[in-house]
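Colleague: Be aware that the sequence shown starts at 154, since it is given in this note's numbering, and climbs by one per residue.
Cβ atoms here follow ideal geometry from the backbone N, Cα and C, with glycine treated the same way.
Sharing a structure with you now.
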Amino acid sequence: MAIQSIKGRRRSILPSLVVLLSLSMASSGVGHWAQAQIQPLDQIVAVVNDDVIVQSELDTQIALLIPELQSRGAPVPDTATLEEQVLEQLILERLQIQRAQALGIEVDEATLTEALTNIASRNGMGLMELRDALEANNLSFAAFREDTRRQIITSRLQQEEVVKEVRVSDQEVDRFVETERDSLITRSEVRLNHILIALPEEASQHQVEQARNQAQSIARRIRQGEDFATLARAQSDGARAQDGGDLGWFPVGEVPSLAAQPAQTLARGEVTDPIRSPSGFHIIGISDIKGETPKPIRQTQARHILIRTSEVVSDQDAQRRLEQLRQRILGGDDFATLARSHSDDTGSALNGGDLGWVSPGDTVPAFEREMDALGPSEISQPFESPFGWHIVQVTERRDQDTADELLRLRAKEALRLRKAEETRALWLQRLRDEAYVEVRLDELDD
């Protein structure tokens with residue numbers, strides 16, 4: 154489905170507000186915060202088809218990544234390894250931008266401004282306040298703006314070439330609901346377990362490594378089947394060690410910040426990797442969960458016709474063509490027949506533009522707003538989304554109120570995103586294999 158939105162996560166790269174801002178957009182790698190500062194005399198570290206990556210880009214990404222690794226308690230690789238890893242991410246990002254350009258995927262200024270406004274709004278500020286927050290962190294707003302543009306472009310590219318090709322079978326959904334039901338429940342309370350391997354206030358590097366190794370060994374042993382409580386009593390420095398590390402029940406909204414994410418994502422019996430804090434390394438586990446199955450949702454059955462813009466099809470052309478098609482439908486022509494002949498969404502066009510039953514959040518916001526405003530059988534005016542120009546018709550609505558069916562819907566979406574990530578990795582590798590890439594790091598070391 155060409156209009157479905159892709160939900161992705163982006164690893165934080167700075168312990169500041171800017172992390173939250175960067176997390177708001179899907180991305181395939183670390184952003185180019187300082188690309189605007191690239192100097193003409195920068196040494197070339199990689200050639201990517203007919204483009205280059207220069208040393209200052211690589212240095213910037215490394216400088217942003219190191220504090221993030223340190224904040225998670227993760228070991229920082231040696232310089233050579235770090236350069237290789239970060240450069241590979243830059244290469245993959247550059248290849249995606251080149252692919253998007255070849256397909257004519259662009260982001261207009263209105264869409265970009267809307268995205269930036271939404272990022273600012275989700276962080277409780279206006280667009281000018283967003284600019285000020287970035288500058289307060291010594292980050293260029295212009296660079297952040299262009300980074301956001303690239304994120305939208307790569308998201309659209311992955312939607313076109315990866316996500317819409319993913320299929321999930323009923324058998325896969327059945328297995329997921331059976332084995333991972335916890336992840337589908339809306340959690341109200343969780344029972345936390347905790348192990349702490351403490352560090353002195355000014356720990357040496359040797360002490361840090363020793364504590365990390367001990368914590369990693371404990372987490373590994375728990376995953377291999379050893380009892381959490383027994384290991385906590387024997388090795389934890391936490392205040393509740395003699396209680397087997399049991400911290401008791403917490404409402405999800407009152408979980409300590411260190412355990413906030415694990416409380417939302419871990420299943421019963423699972424534990425985190427060691428988490429570094431000033432006091433040492435923590436292992437968080439979930440022993441039980443209280444919650445509710447999903448509540449009823451309103452679903453819409455709809456069909457649409459999409460006209461994409463390009464170098465030869467302007468916004469005005471697309472809008473005019475859709476208005477003509479709309480008038481023909483109102484005059485009695487069959488929507489499905491016209492969709493098969495005219496829609497650029499090849500996936501739905503074969504089905505007469507039918508999108509099936511659409512749940513809230515399945516489509517991009519611009520499409521969902523227009524669709525939700527329609528009554529049954531109504532046809533929208535032409536409107537724009539990140540994928541082009543549409544007209545949409547609502548054919549039916551229903552309230553999906555069966556708990557098992559709602560769980561299956563969530564399971565299907567979770568599987569779709571998981572399979573999309575696996576497919577994306579293979580797609581990126583193929584993109585890399587088919588490209589001309591020349592890495593010049595070794596030349597700089599000589």
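1. Look at L269 and T307 and say whether their C-beta atoms are less than 8 Å apart.
2. Since A438 sits in a beta bridge, which residues does DSSP pair it with?
3. Going by DSSP, what residue range makes up the beta strand (DSSP E) through Q454?
4. Kindly indicate which three-state DSSP category R96 falls into: helix, strand or coil?
5. Could you give the distance in angstroms between the alpha-carbon of D323 and the alpha-carbon of S496?
6. Once DSSP output is grouped into helix, strand and coil, what is the label at G541?
7. Given a threshold of 16 other Cβ atoms within 10 Å of its Cβ, counted over all protein chains shown, does L217 qualify as buried or as exposed?
8. Could you tell me how far apart the beta carbons of R374 and L384 are, in whole angstroms, since I believe they sit closer than 8 Å?
9. Would you kindly work out how many angstroms separate the C-alpha atoms of D204 and D195, rounded to a whole number?
10. May I have the straight-line CA-CA distance separating G528 from E521, to the nearest angstrom?
11. When DSSP labels each residue in this structure, what does I197 get in the three-state scheme?
12. Can you round the beta-carbon distance between D515 and R451 to whole angstroms, since I take them to be within the 8 Å contact cut?
13. In or out: Y589 buried (at least 16 other Cβ within 10 Å) or exposed?
14. Can you name the start and end residues of the alpha helix (DSSP H) that D396 belongs to?
15. Is it a yes or a no for the stretch 233-251 touching the stretch 577-586, going by three-plus beta-carbon pairs under 8 Å?
16. Report all residues from its chain with a CB closer than 8 Å to the CB of P513; omit the five preceding and five following residues, and keep chain order.
17. If we ignore side chains and look at the alpha-carbon of each, how far apart do R563 and I258 end up?
18. Given a cut-off of 8 Å on the beta-carbon distance, is the pair G500 and F488 in contact?
19. Mind checking which residues open and close the beta strand (DSSP E) that includes V205?
20. Within 10 angstroms of its Cβ, does P518 collect 16 or more other Cβ (buried), or is it exposed?
21. Taking only three categories from DSSP, how would you classify A351?
22. CB L235 to CB I206, shorter than 8 Å?
23. In terms of residue numbering, what span does the beta strand (DSSP E) encompassing L508 cover?
24. Helix, strand or coil: how does DSSP classify V592 here?
25. Determine the DSSP secondary structure at P230, reduced to helix, strand or coil.
26. If you measure from the beta carbon of I375 to each beta carbon in chain D, is any gap under 8 Å?
27. Taking the alpha helix (DSSP H) that I305 belongs to, which residues open and close that run?
28. Suppose you measure from the CA of P228 to the CA of E299; what does that come to, to the nearest Å?
29. Taking buried to mean at least 16 other C-beta atoms within 10 Å of its own C-beta, is V201 buried or exposed?
30. With DSSP collapsed to three states, give me the class of S341.
31. Quick check: the Cα distance between I197 and L211, rounded to an integer number of angstroms?
32. On a Cα-Cα basis, can you pick out the residue from T266, F297, T453, T576 that is closest to E531?
33. Does the Cβ-Cβ distance between G433 and A364 come in under 8 Å?
34. Would you mind giving the Cβ-Cβ distance between Q238 and P230, rounded to the nearest angstrom? I have them listed as a contact below 8 Å.
35. Kindly give me the distance between the Cβ atoms of I305 and P535, rounded to whole angstroms, as I take these residues to be in contact under 8 Å.
36. Classify V511 as buried or exposed, calling it buried when 16 or more other Cβ atoms lie within 10 Å of its own Cβ.
Modeller: By the coordinates alone:
1. Within the sequence shown, the letter at position 116 stands for residue 269. Within the sequence shown, the letter at position 154 stands for residue 307. Contact annotation: L269 and T307 have beta-carbon atoms that are not nearer than 8 Å.
2. Taking the sequence shown and counting its residues from 1, the one referred to as residue 438 is at position 285. Here residue 438 is Gly; the residue named in the question, Ala, does not match the sequence. G438 pairs with N346, V424.
3. Along the sequence shown, one-based indexing puts residue 454 at 301. 450-460 is the extent of the beta strand (DSSP E) around Q454.
4. The structure shown does not extend to residue 96, since the chain spans only 154 to 599, so no value can be given for it.
5. The sequence position of residue 323 within the sequence shown is 170, counting from 1. The sequence position of residue 496 within the sequence shown is 343, counting from 1. In a straight line, the C-alpha of D323 is about 29 Å away from that of S496.
6. Translated into positions along the sequence shown, residue 541 becomes position 388. If DSSP states are grouped into helix, strand and coil, G541 belongs with the strands.
7. By one-based count along the sequence shown, residue 217 stands at place 64. It counts as buried.
8. The residue given as residue 374 occupies position 221 in the sequence shown. The residue given as residue 384 occupies position 231 in the sequence shown. Between L384 and R374 the Cβ distance is about 6 Å, and since that is below 8 Å, they are a contact.
9. Numbered from 1 along the sequence shown, position 51 holds the residue referred to as residue 204. Numbered from 1 along the sequence shown, position 42 holds the residue referred to as residue 195. If I take the Cα positions, the gap works out to 14 Å.
10. Reading the sequence shown from its first residue, position 375 is the one you call residue 528. Reading the sequence shown from its first residue, position 368 is the one you call residue 521. Taken atom to atom, the span from the alpha-carbon of G528 to that of E521 is near 13 Å.
11. In the sequence shown, counting from the first residue as 1, residue 197 sits at position 44. In this structure, DSSP gives I197 an extended state, which the three-state scheme calls strand.
12. Translated into positions along the sequence shown, residue 515 becomes position 362. Translated into positions along the sequence shown, residue 451 becomes position 298. 12 Å between Cβ atoms; not a contact.
13. Here residue 589 is taken as the residue at index 436 of the sequence shown, counted from 1. It is exposed - the Cβ of Y589 has fewer than 16 other Cβ atoms within 10 Å.
14. To locate residue 396, count along the sequence shown from 1; it is residue 243. Segment: none, D396 is in no alpha helix (DSSP H) and carries neither H nor E.
15. Taking a contact to require three or more Cβ pairs closer than 8 Å, the stretch 233-251 and the stretch 577-586 qualify as touching.
16. Taking the sequence shown and counting its residues from 1, one reaches residue 513 at position 360. Excluding sequence neighbours, P513 sits near I450, R451, E521.
17. Translated into the one-based positions of the sequence shown, residue 563 becomes position 410. Translated into the one-based positions of the sequence shown, residue 258 becomes position 105. Computed Cα separation, rounded: 30 Å.
18. Numbered from its first residue, the sequence shown carries residue 500 at position 347. Numbered from its first residue, the sequence shown carries residue 488 at position 335. Cβ distance not < 8 Å, so G500 and F488 don't count as in contact.
19. The residue you call residue 205 lines up with position 52 of the sequence shown. Element bounds for V205: 204-207.
20. Start at 1 with the first residue of the sequence shown, and residue 518 comes out as number 365. P518 is exposed by the Cβ-count criterion.
21. Looking up residue 351 in the sequence shown gives position 198. Three-state result, A351: strand.
22. Stepping through the sequence shown from its first residue, residue 235 is reached at position 82. Stepping through the sequence shown from its first residue, residue 206 is reached at position 53. Cβ atoms of L235 and I206: not closer than 8 Å.
23. What you label residue 508 is simply residue 355 of the sequence shown in a count that begins at 1. For L508, the enclosing beta strand (DSSP E) begins and ends at 507-511.
24. To locate residue 592, count along the sequence shown from 1; it is residue 439. For V592, the secondary structure class from DSSP, reduced to helix, strand or coil, is strand.
25. For this step, residue 230 is matched to residue 77 along the sequence shown. Note: P230 maps to coil in three-state DSSP.
26. Among the chains of the structure shown, chain D does not appear; only one protein chain is present.
27. For the purposes of this step, residue 305 is taken as the residue at position 152 of the sequence shown. Run containing I305: 294-314, per the alpha helix (DSSP H) assignment.
28. Taking the sequence shown and counting its residues from 1, the one referred to as residue 228 is at position 75. Taking the sequence shown and counting its residues from 1, the one referred to as residue 299 is at position 146. Each residue's Cα considered, the two are about 31 Å apart.
29. Here residue 201 corresponds to residue number 48 of the sequence shown, with the count starting at 1. Within a 10 Å sphere around the beta-carbon of V201 sit 16 or more other beta-carbons, which makes this residue buried.
30. Position 188 of the sequence shown, counted from the first residue, corresponds to residue 341. Residue state for S341 is assigned as strand, using DSSP reduced to three classes.
31. Residue 197 sits at position 44 when you count from the first residue of the sequence shown. Residue 211 sits at position 58 when you count from the first residue of the sequence shown. Roughly 10 Å between the two C-alpha positions.
32. In the sequence shown, counting from the first residue as 1, residue 531 sits at position 378. Ranking T266, F297, T453, T576 by Cα distance to E531 puts T453 first.
33. Position 280 of the sequence shown, counting from 1, holds the residue named residue 433. Position 211 of the sequence shown, counting from 1, holds the residue named residue 364. In this structure, A364 lies closer than 8 Å to G433 by Cβ.
34. Walking along the sequence shown from the start, residue 238 turns up at place 85. Walking along the sequence shown from the start, residue 230 turns up at place 77. Q238 to P230, Cβ: 7 Å. Contact.
35. Within the sequence shown, residue 305 is the residue found at index 152, counting from 1. Within the sequence shown, residue 535 is the residue found at index 382, counting from 1. Actually they do not touch by this definition, with Cβ atoms about 22 Å apart.
36. Position 358 of the sequence shown, counted from the start, is the residue given in the question as residue 511. V511 sits buried, since 16 or more C-beta atoms from the chains shown fall within 10 Å of its C-beta.
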